[in-house]
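Notes for the one structure printed next.
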Amino acid sequence: MVTNKDNIQESLHAARVRLFQILCALDSLGGKKLDQREIEAFLEELFVEPEAAAENGAEAESGEAGADEEIGVSRVPLAAYRRSCERACSVRGALAEIDALIGTYSTEWKTERMSLVDRTIIRLALYEAVIAKKVPVGVALSEAVLLAKEYGSDDSPRFVNGVLSRIVKGLSLL
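Using our numbering, the letters of the sequence shown correspond one by one to residues 3 to 176.
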């Protein structure tokens with residue numbers, strides 16, 4: 003039986019996946035700075051349900067709805083997408099602080115040597131648990147490992163868990 007708590011957890015995980023995907027796309031742009039409006043325009047076609055995109059001025063293609071399984075993206079209402087873009091801006095605004103933490107506690111692996119997926123997952127977990135303090139540390143670590151299993155290499159879950167554990171122990175958060 004699916005409970006309301008299960009639905010909430012699934013929707014929180016889906017929002018985190020969407021945020022992770024947005025952050026990966028933005029990271030692939032290099033150091034290019036985009037504000038929230040530019041981020042929304044850049045990725046809207048990929049993430050927003052066609053009906054909502056059409057209402058926002060973009061043309062919708064027939065037959066598109068819900069999820070684009072070829073690329074692993076779930077399409078969402080415009081408001082949910084905008085919330086994700088707002089959070090992406092917040093994460094990107096804290097990258098210097100996040101990367102300083104990674105650099106302090108991950109002496110053998112600098113962020114530029116990490117894979118895009120692993121780096122983004124670690125940054126997101128640190129933002130949620132340490133910088134914004136919106137998620138308990140244990141939840142952030144569990145979600146990070148789950149994302150690493152879903153999107154990373156075979157070694158990603160262990161690597162992500164190791165880096166994050168070292169940082170939170172160093173900060174005396176565990």
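Using N, Cα and C, we set each Cβ at its ideal position, and we do this for glycine too.
Per-residue burial, residue i [other beta carbons within 10 Å of its own, 16 or more giving buried]
i    : result
E51  : buried
E145 : buried
G65  : Note on G65: pLDDT 38, under 50, position unreliable in the model; no value is reported.
E130 : buried
S108 : buried
L166 : buried
E99  : exposed
A16  : exposed
S13  : exposed
A127 : buried
A142 : buried
R1   : The structure shown does not extend to residue 1, since the chain is modelled only from 3 through 176, so no value can be given for it.
L103 : buried
Below-8 angstroms beta-carbon distance, residue i vs any chain D residue
i   : result
A17 : Here chain D cannot be found, since the structure has a single protein chain.
Same chain only: Cβ atoms within 6 angstroms of residue i, ignoring 5 sequence neighbours per side
i    : result
V119 : Y153 and G154
D101 : T113
Close-in-space but distant-in-sequence residues of the same chain around residue i (CB under 8 angstroms, 5 per side omitted)
i    : result
T122 : F22, L25, C26 and D29
L97  : R125
Reference residue i, options the options, closest by Cα
i    : options                   : result
F161 : V170, I124 and K135       : I124
L175 : V137, A150, L148 and P159 : V137
A150 : K135, S117 and K112       : S117
K135 : A81, K34, R20 and S92     : S92
A81  : R39, E110 and T106        : R39
Y83  : L31, R18, E110 and V147   : R18
Cβ-based neighbour list, residue i, same chain, cut-off 7 angstroms, excluding 5 preceding and 5 following
i    : result
C139 : Before going on, a small fix: residue 139 reads as Val here, not Cys. Only A131, V170, L175 and L176 meet the Cβ criterion.
Anticipated Cβ contact below 8 angstroms, residue i with residue j, distance rounded
i   : j   : result
R77 : F49 : 6 angstroms
Segment contact, 8 angstroms Cβ cut-off, at least three pairs: the region 78–93 with the region 32–49: Three or more Cβ pairs drawn from the region 78–93 and the region 32–49 lie within less than 8 angstroms of each other, which places the two stretches in contact.
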